[in-house]
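A.B. asks: Dropping a structure here in structure tokens format, bear with me for questions.
Residue numbers (the numbering used here): 442 to 551.
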């Protein structure tokens, strides 16, 4: 794997995503998503879809900040040859449909 990657290549590195549902101190169910291989890249919120959107934006911001400051960016695996498309509102429509119909659940064990 090349030692000197461009910013675009750094942004194309696939990180392992971890998502969990948890009950907060007020009894509300929340979602926590993170890229554990990228320090500081964790987001908490109410909706799994929104949390993943926010997490990907945070991932890009952190990588760009690290790259621009000269801080080594973790590279757990080679960059993808082409970046996957960003999940926009239209692409998430099917997921939202499945959630509304109860075919999938945002809740753990749900």
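Built from N, CA and C at the ideal position, the CB exists for glycine as well.
Reducing DSSP to helix, strand and coil, say where residue 486 ends up.
C.D. replies: Strand.
A.B. asks: Are residue 500 and residue 485 touching if we call contact CB-CB under 8 Å?
C.D. replies: Against a cut-off of 8 Å, the Cβ pair of residue 485 and residue 500 comes out as no contact.
A.B. asks: Assuming residue 455 and residue 521 form a contact by the criterion Cβ under 8 Å, report the distance between their Cβ atoms to the nearest whole angstrom.
C.D. replies: That belief holds up - the Cβ atoms of residue 455 and residue 521 are roughly 6 Å apart, short of 8 Å.
A.B. asks: Quick one: what's residue 475 bridged to in DSSP?
C.D. replies: For residue 475, which the question treats as bridged, DSSP gives the partners 459, 483.
A.B. asks: Here's a check: name, in chain order, each residue in its chain whose Cβ is nearer than 7 Å to the Cβ of residue 477, leaving out the five neighbours to either side.
C.D. replies: Cβ within range, chain order: 457, 459.
A.B. asks: Any idea what DSSP makes of residue 445, helix, strand or coil?
C.D. replies: Here residue 445 sits in coil by DSSP.
A.B. asks: Given a threshold of 16 other Cβ atoms within 10 Å of its Cβ, counted over all protein chains shown, does residue 496 qualify as buried or as exposed?
C.D. replies: Residue 496 should be labelled buried.
A.B. asks: Does the distance from the CB of residue 491 to the CB of residue 471 come in under 8 Å?
C.D. replies: Not closer than 8 Å, so no.
A.B. asks: Just to confirm before moving on: does the CB-CB distance between residue 502 and residue 448 stay below 8 Å?
C.D. replies: For residue 502 and residue 448, no; Cβs fall outside 8 Å.
A.B. asks: Please return the same chain residues whose Cβ sits closer than 7 Å to the Cβ of residue 551, not counting the five positions on each side in sequence.
C.D. replies: Confidence in residue 551 is poor, its pLDDT being 45 and thus under 50, which makes the residue's placement too unreliable to answer from.
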